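So that you can map any letter, position 86 of the sequence shown is 86 in the UniProt record's numbering, and since no number is skipped, the others follow by simple counting.
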Amino acid sequence: MNEQSNFSPWVTDGERTLVSTRVFDLLAANVHCPRSGLHKEFYKLSASPWVNVIAVTPQGQLLLIRQYRFGSDRVELEIPGGIVDPGEDPLQAGLRELREETGYGGGTAQLIGWVRPNPAIQDNICSTILVEPVEKLGDPRFEDMEDIEVFAVPVNEALAMASSGEIRHGLVLNALTFYTMHRGITFPGKAGKEDSTR
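(1) Alpha carbon to alpha carbon, how far is ASP25 from THR128? Give it in angstroms, no decimals.
(2) So, for GLN122: in the same chain, excluding its five sequence neighbours on each side, which residues have a beta-carbon less than 6 Å away from its beta-carbon?
(3) Helix or strand or just coil, what does DSSP make of VAL84?
(4) If you measure between the beta carbons of ALA175 and ILE83, is that distance less than 8 Å?
(5) Determine the closest residue to ILE125 out of ARG16, PRO90 and TYR104, with distance taken between C-alpha atoms.
(6) Does the Cβ of GLY184 have 16 or more other Cβ atoms within 10 Å, making it buried, or fewer, making it exposed?
(7) Tell me which residues share the same chain as LEU18 and place their Cβ nearer than 6 Å to its Cβ, disregarding the 5 neighbours each side in the sequence.
(8) Identify every run of the beta strand (DSSP E) within the segment 123-184, keeping only runs that are complete inside it and at least 3 residues long; order them along the chain.
(9) Would you report the Cα separation of ALA120 and PHE42, rounded to the nearest angstrom?
(10) Measuring only the C-alpha atoms, how far is GLU149 from PRO9?
(11) How far does the beta strand (DSSP E) with GLN59 in it reach, from first residue to last?
(12) Take GLY87 as the anchor and find which of ARG96, PRO80 and ILE79 has the nearest alpha-carbon.
(13) Taking LEU98 as part of the alpha helix (DSSP H), name the residues at either end of that continuous run.
(14) Does DSSP classify ASN6 as helix, strand or coil?
(15) Name, in chain order, the residues that DSSP records as bridge partners for ARG69.
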């Protein structure tokens with residue numbers, strides 16, 4: 001599909017930083033829409049690139065983690081991942097995050113996809129890398145505020161957890177989708193119902 005369109009880009013009079021934090025900056029800008037002629041203020045979150053890691057063991061098991069998330073105020077089922085630091089590419093960052101969060105490493109890493117997490121209000125991308133076969137190299141090296149439980153399940157079980165709604169993290173579901181496309185497999189079962197307790 002061709003990404004070209006007849007839309008004229010909005011004209012921005014320059015961005016200014018409203019709030020700067022360790023995970024993102026909140027930016028604002030006055031923009032002009034050529035089609036309508038209107039001027040409005042818009043906001044966006046400027047963040048570093050992210051990476052998610054599909055890590056598969058020699059036994060065909062996929063590494064998952066349980067981690068408390070402040071945003072949802074609950075423990076979420078996820079895969080290893082994090083911020084791509086300055087000077088890193090997604091493969092380097094993914095291997096580092098895998099080692100830090102799980103203690104696993106080794107294998108061959110390849111990029112299997114990337115997305116814009118929310119292009120309406122964010123400017124970063126999230127890459128998904130596949131690393132296999134991985135093995136336990138040592139203890140995880142958690143950050144000060146990280147409490148992570150690491151476990152491995154067969155790939156088909158991880159996909160079933162996604163289909164049932166047990167895995168709710170959108171970028172993790174996206175990474176698993178990239179994995180299924182890369183492998184030429186499909187998600188089992190039907191999508192889960194909305195969790196009324198969220």
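C-beta atoms are modelled at their ideal positions from N, C-alpha and C, and glycine is treated no differently. None of the values given here were measured: they were computed from a predicted structure.
Short version:
(1) Taking the straight line from one Cα to the other gives about 23 Å.
(2) Sequence-distant partners of GLN122 (beyond 5 residues in either direction) whose C-beta falls short of 6 Å from its own C-beta, in its chain, are LEU45.
(3) The three-state reading of DSSP puts VAL84 in coil, since its state is none of H, G, I, E or B.
(4) Cβ distance not < 8 Å, so ALA175 and ILE83 don't count as in contact.
(5) Looking from the CA of ILE125, the closest CA among ARG16, PRO90 and TYR104 belongs to PRO90.
(6) The residue is exposed, with fewer than 16 neighbouring Cβ atoms inside 10 Å.
(7) When the five nearest sequence neighbours on each side are left out, the beta carbons in the same chain lying within less than 6 Å of the beta carbon of LEU18 are those of LEU26 and ALA28, in order along the chain.
(8) Look at the segment 123-184 and you find these whole runs of beta strand (DSSP E), each 3 residues long or longer: 126-132 and 148-154.
(9) Spanning the two alpha carbons is a distance of roughly 10 Å.
(10) Near 45 Å, if we compare the C-alpha coordinates of PRO9 and GLU149.
(11) Annotation for GLN59: no beta strand (DSSP E) segment contains it, and DSSP assigns it neither H nor E.
(12) If we check each option's Cα against that of GLY87, ARG96 comes out closest.
(13) 90-102 is the extent of the alpha helix (DSSP H) around LEU98.
(14) DSSP places ASN6 in coil when its eight states are reduced to three.
(15) Beta bridge pairing from DSSP links ARG69 with ARG74.
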